[in-house]
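Colleague:
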Amino acid sequence: MMQNFKIYKINYRNLINNIILNSSIRNNCNSNNLYRLFSTSTSTNTGTEIIKNNGKLKQHHPKQTNTKPIKSNQPSENEESGSDQIVQKKKYNNQHIMIRAPEDRSLSQKQYFEKLAERGDIEKMEDLLKLMPQKRTLYAYEKLILACSKRGNFNLSYKFYNQMKKDQVKPSVYVFGTLLNTCTTATGIDSKIIEERINKIFEDIAKYEVEVSVNIFNILMKSLIQLGKNQEAISFIDRLKSIGVKPDITTFTTWVIAQSEKIKAEYQLDIKGKDILEEIRTSKNSQRLDEIRSEGNKQIDHFLNIIKEAKKNQVSPDRYFINTILNACKHTLNPEGVFYVWKILQENKYTQHLNADTRTYDILVSTCNNINDIDKAIELTTEIFNRSIRPDIHLVNNLYRVCLRIASMNSIKKRDQYDVDKLIDNIINYMASYNLFPNEESFSILISTYSKLGKHNKVYELLTEMKELGIKPTVKHYSGIITSFSSDVGKCLEIFKVIVSQNIIATPDFIINMQKIMKRGNDSQIEAFRDLIITHDQYSHFKKDKKGKENK
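The sequence shown maps to residues 1 to 552 in this note's numbering.
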């Protein structure tokens, strides 16, 4: 780069002689070279040129132009080093990257923005968007509304949607789908408000002429189920057909869920379900049982009809669809119908290729426990072991409940038909082969089982194992222990002291059971029990008050 400099008075004759005498250019130097040398020399400060005039050299001052002088990176002799004419390169500010987690620092802005959306981290997304070129674009709003859906932030999702419309950004089918999904994940919102929102979304879909996919209807059906509008969700199947949208397997699975929720609501099975199951297990009134079973069969027919519709629409079933059908049949007035439906599914070419998995057996075994069909449960347990079905803790705990059902039999003769100890050992070995560890529920069931069998040493062993695994006993575990030692008033009183000392809140059933046991105690034991109850109730009220304040 040419440097800035000022013109000084120079003896040009001496300058020429010095150049000619220089050995490096002597042979190549002539008047023409000198002419070119000096005729191209310029001063950017004054615009002065050296030109040849009749063989003589003189200065010439051309007209000033608008050409700006080229600034040098280095100061000239007469310029101070601190001159503000020097241009320094700005340092890159990467503070917005350094505040990220170490594993996120290598991500581009877009990659990081999308990762935050999946996390539902709306605040960081808004900060990052200030640095991005995609402000107020469809992409930005899609991701922000997605984050709201992940978090279940109902109001904020619609705020972004309204801002999107103000910015005249046309919503996409993805935006509408995510908004509908937010309606399903939102909590603490009045169902009427959600319903109004859904209706408004569909109005906007028509307004913006957005082509709707089957996914939109699937999401909407789930939203309606959450609102308790199960019949409206079912009616969307006909709406799909009327506009030429083909349902998929998710549509039929959601239909099953809607039908199941409708049955539960009509018969209040969530409230009365246990009583109905108890009536089915113990009632001697054959006429009443036939009425219940007949109504249950009608309910199961609804689910069989859904299978036929899926086959008619040439929709390929999957295991989730099959398991949803079975679970729905389990929650009817005829839970035993699960096995009838499972047999049909195994024989039907449409579904016979879908073998039972962990969830399938979990549903079948739990149904056996509900209807007290021990023989069927043992048959399924053997099948599970032989097929090497990978277990989860839910299936294992249902297998343990089979053992508890056997231990709870009133007839010792019937109970002795089954080797409970061997069955428990087989389940433990089954768990060990897949490195599966028991949880609190597992210990609670086993403690109750061994307590009913009167095997106190096994109960102590389980408590020791719980301590080794770092599992703190709950009132469920102590309920089983109390049952085991119900004949020993002193032992039960000691157990209750442990419960109170650990600030464990006992259930009403536990307290009632303790009161029955303490009726057989002496005066000092009864007095000690009363003192423990007072201490227990004081802590129980304190904990409830504290929880109430936290909720406020």
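Just so you know, even glycine gets a beta-carbon here, dropped at the ideal spot from N, CA and C.
Pop quiz: G480 and S448 are said to be a contact at Cβ under 8 Å. What is the actual Cβ separation, rounded to whole angstroms?
Modeller: Within the sequence shown, numbered from 1, the residue matching residue 480 stands at position 480. Within the sequence shown, numbered from 1, the residue matching residue 448 stands at position 448. About 4 Å separates the two Cβ atoms, so the contact holds.
Colleague: Alpha carbon to alpha carbon, how far is L453 from A407?
Modeller: Residue 453 sits at position 453 when you count from the first residue of the sequence shown. Residue 407 sits at position 407 when you count from the first residue of the sequence shown. Using only the alpha carbons, I get a separation of about 6 Å.
Colleague: Are the CB atoms of E196 and L227 nearer to each other than 8 Å?
Modeller: Along the sequence shown, read from residue 1 onward, the residue named residue 196 stands at position 196. Along the sequence shown, read from residue 1 onward, the residue named residue 227 stands at position 227. Cβ atoms of E196 and L227: not closer than 8 Å.
Colleague: What does the alpha-carbon distance come out to for the pair Q538 and L131?
Modeller: In the sequence shown, counting from the first residue as 1, residue 538 sits at position 538. In the sequence shown, counting from the first residue as 1, residue 131 sits at position 131. Whole-angstrom Cα-Cα distance: 56 Å.
Colleague: Could you compute how far the alpha carbon of D248 sits from the alpha carbon of S442?
Modeller: Against the sequence shown, residue 248 aligns to sequence position 248. Against the sequence shown, residue 442 aligns to sequence position 442. Distance between the alpha carbons of D248 and S442 is about 38 Å.
Colleague: Quick check for students: name the residue ranges of the alpha helix (DSSP H) that lie wholly in the segment 474 to 520, counting only runs of 4 or more.
Modeller: 475 to 484, 489 to 501, 508 to 518
Colleague: In terms of alpha-carbon separation, which member of Q163, T324, Y350 lies closest to V256?
Modeller: Within the sequence shown, the letter at position 256 stands for residue 256. The option with the nearest alpha carbon to V256 is T324.
Colleague: According to DSSP, simplified to helix, strand and coil, what is E209?
Modeller: Within the sequence shown, numbered from 1, the residue matching residue 209 stands at position 209. If DSSP states are grouped into helix, strand and coil, E209 belongs with coil.
Colleague: Tell me the DSSP secondary structure of Q151 in three-state form.
Modeller: Start at 1 with the first residue of the sequence shown, and residue 151 comes out as number 151. The question names Gln, but residue 151 in the sequence shown is Arg. In this structure, R151 counts as helix in the three-state DSSP scheme.
Colleague: So I363 packs on V338, CB below 8 Å; how close in whole Å?
Modeller: As a first step, residue 363 is located in the sequence shown; it is residue number 363 there, counting from the start. As a first step, residue 338 is located in the sequence shown; it is residue number 338 there, counting from the start. Contact holds; Cβ gap of about 7 Å.
Colleague: Do three or more CB pairs link the segment 263 to 278 to the segment 325 to 333 at distances below 8 Å?
Modeller: The answer is yes - the segment 325 to 333 touches the segment 263 to 278, with three or more Cβ pairs under 8 Å.
Colleague: Out of D373, I427, T367, Q352, which has the shortest C-alpha to C-alpha gap to N386?
Modeller: Translated into positions along the sequence shown, residue 386 becomes position 386. Closest option to N386, Cα to Cα, is I427.
Colleague: Terminal residues of the continuous alpha helix (DSSP H) containing F443?
Modeller: For the purposes of this step, residue 443 is taken as the residue at position 443 of the sequence shown. Here the alpha helix (DSSP H) through F443 covers 440 to 452.
Colleague: Helix, strand or coil: which one does DSSP assign to D104?
Modeller: The count along the sequence shown starts at 1 and reaches residue 104 at position 104. Residue state, collapsed to three classes: helix.
Colleague: Does DSSP put Y350 in a helix, a strand or coil?
Modeller: Taking the first residue of the sequence shown as 1, we reach residue 350 at position 350. Three-state result, Y350: coil.
Colleague: Quick check: the Cα distance between L404 and R105, rounded to an integer number of angstroms?
Modeller: Stepping through the sequence shown from its first residue, residue 404 is reached at position 404. Stepping through the sequence shown from its first residue, residue 105 is reached at position 105. Near 54 Å, if we compare the C-alpha coordinates of R105 and L404.
Colleague: With 16 as the cutoff for other CB atoms within 10 Å, does M518 come out buried or exposed?
Modeller: Taking the first residue of the sequence shown as position 1, residue 518 is located at position 518. Burial call: buried.
Colleague: So, under 8 Å CB-CB, R401 and T358 are touching, yes? Tell me the CB distance rounded to an integer number of Å.
Modeller: Along the sequence shown, one-based indexing puts residue 401 at 401. Along the sequence shown, one-based indexing puts residue 358 at 358. Rounded, the Cβ-Cβ distance is 16 Å, inconsistent with contact.
Colleague: Can you give me the start and stop residues for the alpha helix (DSSP H) that L364 sits inside?
Modeller: The residue you call residue 364 lines up with position 364 of the sequence shown. Start and end: 358 to 371.
Colleague: Rounded to a whole number of angstroms, what is the C-alpha to C-alpha distance between Q376 and E383?
Modeller: Stepping through the sequence shown from its first residue, residue 376 is reached at position 376. Stepping through the sequence shown from its first residue, residue 383 is reached at position 383. In the sequence as presented, Gln is not what sits at residue 376; that position holds Lys. Cα-Cα distance, rounded: 11 Å.
Colleague: Three or more C-beta pairs closer than 8 Å, one from the segment 170 to 187 and one from the segment 140 to 160: is that the case here?
Modeller: yes
Colleague: Kindly indicate which three-state DSSP category A328 falls into: helix, strand or coil?
Modeller: Numbered from its first residue, the sequence shown carries residue 328 at position 328. In the structure shown, A328 sits in a helix (DSSP, three-state: H, G or I).
Colleague: I believe K258 touches N230 by the beta-carbon criterion, under 8 Å. Please report the beta-carbon distance rounded to the nearest angstrom.
Modeller: For the purposes of this step, residue 258 is taken as residue 258 along the sequence shown, with counting starting at 1. For the purposes of this step, residue 230 is taken as residue 230 along the sequence shown, with counting starting at 1. The sequence shown places Ala at residue 258, rather than the Lys named in the question. 5 Å between Cβ atoms; contact.
Colleague: Helix, strand or coil for R387, going by three-state DSSP, please let me know.
Modeller: For this step, residue 387 is matched to residue 387 along the sequence shown. Helix at R387.
Colleague: DSSP on R136, reduced to helix/strand/coil?
Modeller: Stepping through the sequence shown from its first residue, residue 136 is reached at position 136. Residue state, collapsed to three classes: coil.
Colleague: Are the CB atoms of E261 and I292 within a distance shorter than 8 Å?
Modeller: Here residue 292 is taken as the residue at index 292 of the sequence shown, counted from 1. Here residue 261 is taken as the residue at index 261 of the sequence shown, counted from 1. No, the Cβ-Cβ distance between I292 and E261 is not below 8 Å.
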